[in-house]
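Novice: First residue of the sequence shown: 94, per full-length UniProt numbering; consecutive thereafter.
My questions all concern the structure below.
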Amino acid sequence: LVSRKQHKSNTIIPLKGNTVVGNGSPIMVAGPCSVESMEQLRTVAAALKAAGVTVMRGGAFKPRTSPYDFQGLGIDGLRMLKEVGDEFGLSIISEIVHPAHMEIAAETIDVIQIGARNMQNFELLKAAGEAKIPVLLKRGLAATLDEFIHAAEYILYHGNSQVMLIERGIRTYETSTRNTLDISAVPLLKQETHLPVLVDVTHSTGRKDIFLPCAKAALAAGADGIMVEVHPDPQTALSDANQQLDIPQFNDFWNGLLGSGLFT
Ligand code: PEP
Ligand code: MN
94 LVSRKQHKSN TIIPLKGNTV VGNGSPIMVA GPCSVESMEQ LRTVAAALKA AGVTVMRGGA
154 FKPRTSPYDF QGLGIDGLRM LKEVGDEFGL SIISEIVHPA HMEIAAETID VIQIGARNMQ
214 NFELLKAAGE AKIPVLLKRG LAATLDEFIH AAEYILYHGN SQVMLIERGI RTYETSTRNT
274 LDISAVPLLK QETHLPVLVD VTHSTGRKDI FLPCAKAALA AGADGIMVEV HPDPQTALSD
334 ANQQLDIPQF NDFWNGLLGS GLFT
């Protein structure tokens, strides 16, 4: 069902307002790693709105490596995202980690994210297939493109054709970046499937100093969008403190992309 051979034309996914994913003009998805407070969300939302960015991310359910780390605000976080999305007119993307939360997701957010750690959580993929809102599926930590494509196939097979893929880096022996950004995944996924393909520069590289060239490379390779984490005060962030841009840094990143001519 995801194969380009069966379905030649690109899948196009409308979000709130005039925002569309997969129509040839890339989208920017920005926002904090974790939802922490209304003030935090409003500060980021206002900055995005001022910059003309229409899609915001924020994690309410956080799959953390350590059980002692901040686990997210859960359903309260989804409700906070809804309030801010409504207030600022932004489309909201947030991760869901349990099939039981698909219903509340459909009531509160615009796109369900399935995280890298859950790319092969097949019951979650089936539940996302039954959901009535679009899904952003992240590539697994060590998933091949074939496994990634099959994970997407689950969602379509279970009834939801509004699926976007996102490359977020894979595990390799290289230690200079958090993961290895697989740029070749972009043209390959675009050739093999008809789904929109995004690139997460934050979780792939983990390095703010190379977000801009990596985002440019992604767009030059045909990506339909970029994801980046933005926090009003990254040093105090409850997760991913080292790899979130503050608002002036985000504005520089965004202006750099706009100035490159790749973001049209
Ligand atoms: C995220 O985007 O919030 C996240 C946890 O990323 P990943 O699943 O790619 O690690
Ligand atoms: Mn993060």
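Virtual Cβ for every residue (Gly too), placed ideally from N, Cα, C.
For a test of the three-state rule: what should DSSP assign to L291, helix, strand or coil?
Specialist: Three-state DSSP puts L291 in a strand.
Novice: Could you tell me which of T201, L355, K301 sits nearest to I189, measuring between CA atoms?
Specialist: Of the listed residues, the one whose Cα sits closest to I189 is T201.
Novice: Which residue comes first and which comes last in the alpha helix (DSSP H) that contains M212?
Specialist: Here M212 belongs to no alpha helix (DSSP H), and DSSP marks it neither H nor E.
Novice: Tell me the DSSP secondary structure of T245 in three-state form.
Specialist: A small fix is needed here, since residue 245 is Ala in this sequence, not Thr. Three-state DSSP puts A245 in a helix.
Novice: Is any heavy atom of the ligand PEP found at a distance shorter than 8 Å from the C-beta of L129?
Specialist: Inspection of the sequence shows that residue 129 is occupied by Glu rather than by Leu. It does not: the Cβ of E129 is nowhere closer than 8 Å to a heavy atom of the ligand PEP.
Novice: Give the single residue among K309, Y161, V228 whose Cα lies nearest to the Cα of G208.
Specialist: Checked all of K309, Y161, V228; the closest Cα to G208 is V228.
Novice: To the nearest angstrom, report how far apart A123 and M149 are at their CA atoms.
Specialist: Looking at the two C-alpha atoms, the distance is approximately 5 Å.
Novice: When you compare each of R261, P327, A334, R271 to A311 by their alpha carbons, which one comes out closest?
Specialist: Comparing Cα-Cα distances from A311 to each of R261, P327, A334, R271, the minimum goes to R261.
Novice: Please check if any C-beta of chain D sits within less than 9 Å of the C-beta of M173.
Specialist: Among the chains of the structure shown, chain D does not appear; only one protein chain is present.
Novice: Thinking just about the alpha-carbon of each residue, which of Q255, D293, I259 is nearest to the one in L94?
Specialist: Answer by Cα proximity: Q255.
Novice: Excluding sequence positions up to five away, which residues of its chain have a Cβ less than 7 Å from the Cβ of A244?
Specialist: Cβ within range, chain order: M212, Q213, L218, L230.
Novice: List in chain order the residues whose CB is within less than 5 Å of at least one heavy atom of the ligand MN.
Specialist: Output, sorted by chain position: C126, D333.
Novice: Suppose only complete runs of 4+ residues qualify. What are the alpha helix (DSSP H) ranges in the segment 268-346, listed by chain order?
Specialist: Those alpha helix (DSSP H) runs which fall completely within the segment 268-346 and span 4+ residues are 278-285, 294-298, 304-313.
Novice: Checking 9 Å against the spacing of the C-beta atoms, do V294 and L282 come in under that value?
Specialist: No.
Novice: Please name the residue, chosen from V146, G167, S297, that lies closest to A235 on a Cα-to-Cα basis.
Specialist: Considering only alpha carbons, the answer is S297.
Novice: My output table needs one value for G352: the three-state DSSP class, helix, strand or coil.
Specialist: Reduced to three states, the DSSP call for G352 is helix.
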